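A.B. asks: Quick one: structure below, then a few questions.
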Amino acid sequence: MATESKAVINIADLKLDHWQQGTLYESVDTSFGALLGLTGLGISYNEVPPGKSGCPFHNHHVEDELFYVISGTGEYRFGGERHAIKAGDALGAPAGGPETAHQIINTGTAPLVYLGISTMAKTEIVEYPDSGKFLAKTNRGDTKPLRFRHIGRPGADLDYWVGEPGA
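Per the UniProt record's numbering, the sequence shown runs over residues 1 to 167.
Structure representation (C-alpha cells):
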C-alpha cells in the first residue's frame, strides 16, 4: 500500500536515521521528497557532527543539487576550491564533471544542519575523484528487477563486441 503524501511536513516529525562510516563520515538524516508527493525532486534533512561529512567528494553527470545551510559552520569543497559556509548559505552543485565535484564538511564545533535538494534522474553516473571510483545506476520503474547499480573503477575497458555470441 502506497504512503499518502502530505502538503506540509514539519522536520520535527521526521524519523531520522543515524549512521557512520569510518572516521570521517557520519550523519543523522532522512530523505522525504516522496512524503511530499514529489517524484522529480528529492529533498533530505541532514545533521552532520563536528569534524564529519555526510558523503565523499563526488560529482553527478545528470542530477543538479542545491544545499541550504540551516545552522552551524563548515567548508564546501567544490571542484578545486574550498569555501567557508554558515547558516543562510545556499550551495549549488550542478551536474558536470570533476569541476563540479562537491562535499560538505563540518569544520565547526556544533552540528552542521542543512537541506539537500536534487533533481531525481532515473539514470545517473556519479564520479568520486578522491578514490577514482564511479557509480552507474538506474531505476526505471517501481520493481526491483528494473534497477541496476554498479560501483567500480575505470581500467578494464572492453571492446563493444567482447563476449557477445556470434561476434
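For every residue, glycine included, the Cβ atom is placed at its ideal position computed from N, Cα and C.
Since the structure is predicted, the reported quantities are computational estimates derived from the model, not experimental observations.
Cutting at 6 angstroms between CB atoms, please list the residues of its own chain near I105, excluding the five before and the five after it.
C.D. replies: For I105, where only same-chain residues beyond five positions count, the Cβ hits under 6 angstroms are S53, G74 and E75.
A.B. asks: Is T100 helix, strand or coil by DSSP?
C.D. replies: helix
A.B. asks: Tell me the DSSP bridge mates of D29?
C.D. replies: DSSP, once it has assigned bridges, lists D17 and N46 as partnering D29.
A.B. asks: Fully enclosed by the stretch 55–118, which alpha helix (DSSP H) runs are 4 residues long or longer?
C.D. replies: Entirely contained in the stretch 55–118, not one alpha helix (DSSP H) run reaches 4 residues.
A.B. asks: Span of the beta strand (DSSP E) holding V8?
C.D. replies: Membership of V8 in any beta strand (DSSP E) is not indicated, and neither H nor E is assigned to it by DSSP.
A.B. asks: Considering only the beta carbon of each residue, do S118 and E63 sit closer than 7 angstroms?
C.D. replies: Contact flag set, yes.
A.B. asks: Verify whether the separation of the beta carbon atoms of Q103 and F57 is less than 7 angstroms.
C.D. replies: yes
A.B. asks: At the level of alpha carbons, what is the spacing between G116 and A101?
C.D. replies: Looking at the two C-alpha atoms, the distance is approximately 15 angstroms.
A.B. asks: Any Cβ of chain B within less than 7 angstroms of the Cβ of A84?
C.D. replies: In summary, chain B is missing from the structure at hand, where a single protein chain is found.
A.B. asks: Going by the beta-carbon positions, is the gap between residue 192 and G72 smaller than 7 angstroms?
C.D. replies: Here the chain comprises residues numbered 1 to 167, so residue 192 is not present and cannot be evaluated.
A.B. asks: Can N46 and S27 be called in contact, C-beta distance under 7 angstroms?
C.D. replies: Annotated as proximal: N46 and S27, with beta-carbon spacing under 7 angstroms.
A.B. asks: How is H41 classed by DSSP in three states: helix, strand or coil?
C.D. replies: It should be noted that the sequence gives Leu, not His, for residue 41. Three-state DSSP puts L41 in a strand.
A.B. asks: Can you name, in chain order, every residue of its own chain whose Cβ lies under 8 angstroms from the Cβ of H150, other than the five neighbours on each side?
C.D. replies: The beta carbon of H150 lies closer than 8 angstroms to those of L135, A136 and K137 in the same chain, with the five residues before and after it left out.
A.B. asks: Apart from the five residues on each side of it in sequence, which residues of its chain come closer than 6 angstroms, Cβ to Cβ, to I125?
C.D. replies: H61 and A136
A.B. asks: Per DSSP, T138 forms a beta bridge with which residues?
C.D. replies: T123 and F148
A.B. asks: Per DSSP, what kind of secondary structure is M1 in: helix, strand or coil?
C.D. replies: Summary for M1: the model assigns pLDDT 44, below 50, so the residue's position carries little reliability; its value from the coordinates is reported in the next sentence. DSSP places M1 outside both helix and strand once states are collapsed to three, so it counts as coil.
A.B. asks: Taking C-beta to C-beta, are G97 and P50 nearer than 7 angstroms?
C.D. replies: no
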